[in-house]
Amino acid sequence: MSDTAPADETRPTVGRPGHVEAAAHPEALSERVVAVVVTYNREQLLAQCLDGLAAQDRRPDAVVVIDNASTDASGRVADEHPLGADVVHLHRNVGGAGGFAAGIARALVRHDADWVWVMDDDTVPRPGALAALLEALGSSPVRLSVLSSRAVWTDGRDHPMNTQRTRLGASSREKRDAARAGGRPIRTASYVSALLNGQDVRRLGLPHADYFIWSDDFEHTGRLLRHGRGLQVPSSVVEHRTARFGNAQTSPGSRFYYDVRNRLWALLRTDSFSPLERVLHGGRTALGWLGVLARHRGDVAGVGLR
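Sequence positions in the sequence shown follow my numbering and run -18 to 287.
Right under this line is the structure:
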């Protein structure tokens, strides 16, 4: 009998995209999933996020909340919510990047997570969101490193802040593999809702805490997916309840500094992207920045002075 696996049961390894070996995630539905929520001064939205986690058809096995030194009642909301989250109260605000680094580390070390489900405090997952991610994971014929949800705004429109492009250069085989799992291949994901493979995070590291805010998810998922597979799962839906409908460049204000700095750091100071990807991402991003400067010159004029 041949020991060569059938084509629909093979998967590439993380390190060698062309190499194949046996089956992907047969235990997907029973693996340990720990949700990580990072919050800062948004007590009402945090309560809605935790309500959404409590209402999941398949609840996470544990929930970690990182309270980023909030000055409102966010910490108390997390402590008192019936979900029973493991709440970490930081003594200073380390930003979303630092919060996710701390939360993911706690999920892996304290809670022994197989998968870490990360989200912002203004994310409200619909009841079937996690179950859909795990169903896609279990259906995938290839090993996955990251799965992400479809993010919609409060009126049901796809949220432009969390639009994920199909992986550039994805082969027909990659697209077929993704379609078999009910999704499409992606190169990066947003931390509005992403399911991270704990094995890969243990091997490749946490988000860079010094990014503070913005693009930490771009770099980190880029790192996980440089040699891994990612899947966007449209049947997994979360609401991203931002104050306004738009992308990160719609009204950037002082945060534009972090967008510029962190994108440059991700593209020039890490190995998360190939040389070609650096050129393509860099060109697209530069065009976006020029648009921001044209529309919001007064709001972002001080960025170059920092």
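Backbone N, C-alpha and C fix where the C-beta goes; we use that ideal spot for every residue, glycine too.
- Query: Looking only at DSSP bridge pairs, what is A132 linked to?
  - Reply: Beta-bridge annotation (DSSP): A132 is paired with V219.
- Message: Among the candidates E220, G33 and R13, whose CA atom is the shortest distance from the CA of P141?
- Response: Measuring C-alpha to C-alpha distances from P141 to each of E220, G33 and R13 identifies E220 as the nearest.
- Query: Which partner residues does N74 have in the DSSP bridge list?
  - Reply: Checking the DSSP bridge columns, you'll see N74 has no partner listed.
- Message: Between which two residues does the alpha helix (DSSP H) holding L177 run?
- Response: Element bounds for L177: not the alpha helix (DSSP H) but the beta strand (DSSP E), A175 to N178.
- Query: Are the beta-carbon atoms of S121 and R210 separated by less than 9 Å?
  - Reply: Yes, the Cβ-Cβ distance between S121 and R210 is below 9 Å.
- Continuous alpha helix (DSSP H) stretch holding T202: start and end: Bounds of the alpha helix (DSSP H) holding T202 are D197 to L205.
- Among T52, L248, V44 and E200, which has the Cα closest to the Cα of A88? The candidate whose alpha carbon is nearest that of A88 is V44.
- Based on Cα-Cα distance, which residue from R138, D139, R168 and T144 lies nearest to S152? The shortest Cα separation from S152 among R138, D139, R168 and T144 belongs to R168.
- Item | Where the beta strand (DSSP E) containing D101 begins and where it ends | DSSP places D101 in the uninterrupted beta strand (DSSP E) bounded by W96 to D101.
- For the alpha helix (DSSP H) that contains A43, what are its first and last residues? Judged by DSSP secondary structure, A43 falls outside any alpha helix (DSSP H) and instead within the beta strand (DSSP E) spanning A43 to D48.
- Message: Which runs of the alpha helix (DSSP H) at least 4 residues long sit entirely within the segment 104 to 163? Give them in chain order.
- Response: You should have 110 to 120 and 153 to 161.
- Query: With contact counted as at least three CB pairs below 8 Å, one residue from each stretch, are the segment 61 to 74 and the segment 142 to 151 in contact?
  - Reply: Segments in contact, no.
- Measure the Cβ-Cβ separation of A289 and G33 and say whether it is below 9 Å. Given a span of -18 to 287 for the chain in the structure shown, any question on residue 289 remains unanswerable.
- Is there a Cβ from chain D that is less than 9 Å from the Cβ of L149? In summary, chain D is missing from the structure at hand, where a single protein chain is found.
- Task: Can you say whether A59 is buried or exposed, counting buried as having 16 or more other CB atoms within 10 angstroms of its CB?
- Result: Answer is buried; the Cβ neighbour count reaches 16.
- In terms of alpha-carbon separation, which member of V260, D252 and R157 lies closest to R207? For R207, the closest of V260, D252 and R157 by C-alpha to C-alpha distance is D252.
- Could you round the C-beta distance between D298 and V68 to whole angstroms and report it? I think they count as a contact, below 8 Å. Missing from the structure shown is residue 298; the chain here goes from -18 to 287 and no further.
- Task: Quick one: grab the DSSP three-state call for P63.
- Result: In the structure shown, P63 sits in coil (DSSP, three-state: anything other than H, G, I, E or B).
- Query: With respect to the alpha helix (DSSP H) encompassing R242, which residues constitute its N-terminal and C-terminal limits?
  - Reply: Its alpha helix (DSSP H) spans residues F237 to L249.
- Query: Mind checking L249: buried by the 16 CB within 10 Å criterion, or exposed?
  - Reply: Result: exposed.
- So the beta strand (DSSP E) A16 belongs to, where does it begin and stop? Residues V14 to T20.
- Figure out for me which residue from R161, R165, A83 and D197 has the closest Cα to the Cα of S129. Among R161, R165, A83 and D197, the Cα nearest to that of S129 is on R165.
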